[in-house]
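Numbering (our numbering), first residue to last: 3 to 254. Here the structure is laid out as structure tokens; the discussion comes afterwards.
Okay, here's the thing in structure tokens:
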């Protein structure tokens with residue numbers, strides 16, 4: 003790779019980062035919202051480095067002509083090789099830049115969730131307070147899991163619960179998993195929270211839905227033997243949220 007092409011590669015990488023972080027929400031497929039400013043800053047820095055590299059390369063061309071003449075003479079004499087260029091492996095950096103520019107990889111979904119166990123959800127405080135009387139009661143998947151496994155008062159028994167997530171097919175027929183993927187930093191540390199749903203039909207994988215139903219009886223509610231599951235009354239298709247890597251309340 004010629005040194006003049008380093009600037010092009012830096013600029014392409016910077017534009018790709020800015021495209022997914024400043025001019026769209028694509029970056030939220032790979033990192034949490036708090037990382038967006040760092041991606042924007044990185045894109046700006048790459049653009050500046052690319053511009054500076056291009057300027058310095060132009061200024062240095064005239065001065066390097068005599069040196070290049072001597073280098074060519076040495077190569078002809080067999081005394082060495084020209085190592086002033088950039089290693090060819092640097093071209094591999096072009097692939098992710100072009101990918102982000104023209105075809106950004108999709109967000110994690112049912113394929114990933116089906117190949118990892120559910121995230122262990124532990125309540126911060128075992129002394130659960132009373133639930134609102136709203137019916138159906140909007141809950142996150144994590145909060146529902148806590149109530150099922152740890153709430154000795156069994157406050158969710160008989161309550162109509164409403165939760166939102168995407169569909170992950172389950173091995174057993176007649177049921178599927180309502181899923182949310184949560185990340186601490188980026189997609190590499192993703193963990194999934196799942197609630198088994200029992201309903202008449204199984205929606206297509208990765209479909210975002212809001213489910214309303216009651217806790218599926220089994221074991222002893224409020225202990226680890228209770229299944230984290232819901233008997234669905236209604237399953238409604240909804241739009242995918244912008245930031246899907248969070249365990250949020252059902253969409254309005």
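Don't be surprised by glycine CBs; every beta carbon is placed ideally from N, CA and C.
Straight-line measurement puts the Cα of residue 234 at about 29 Å from the Cα of residue 31. Below 8 Å, too few C-beta pairs join the region 111-118 and the region 133-152 to call them touching: fewer than three. For residue 98, the enclosing alpha helix (DSSP H) begins and ends at 96-104. Contact between residue 195 and residue 144 holds, with the beta-carbon distance rounding to 5 Å and staying under 8 Å. Taking a cut-off of 8 Å on C-beta distances, the region 235-243 touches the region 204-223, as three or more cross pairs fall below it. In the structure shown, residue 251 falls within a coil segment according to DSSP collapsed to helix, strand and coil. Per DSSP, the beta-bridge partners of residue 233 are 200, 216.
Residue pairing by DSSP places residue 170 opposite 179 in a beta bridge. With contacts defined as CB atoms closer than 8 Å, residue 244 and residue 198 fail to qualify as a contacting pair.
In this structure, residue 161 lies near residue 133, with their beta-carbon atoms less than 8 Å apart. The region 176-190 makes no contact with the region 91-101: fewer than 3 CB pairs, one atom from each, lie closer than 8 Å. Take residue 168, set aside five residues on each side of it, and the residues of its chain with a beta-carbon closer than 7 Å to its own are 111, 112, 181, 208, 209, 210, in chain order.
Per DSSP, the continuous alpha helix (DSSP H) segment holding residue 147 begins and ends at 143-152.
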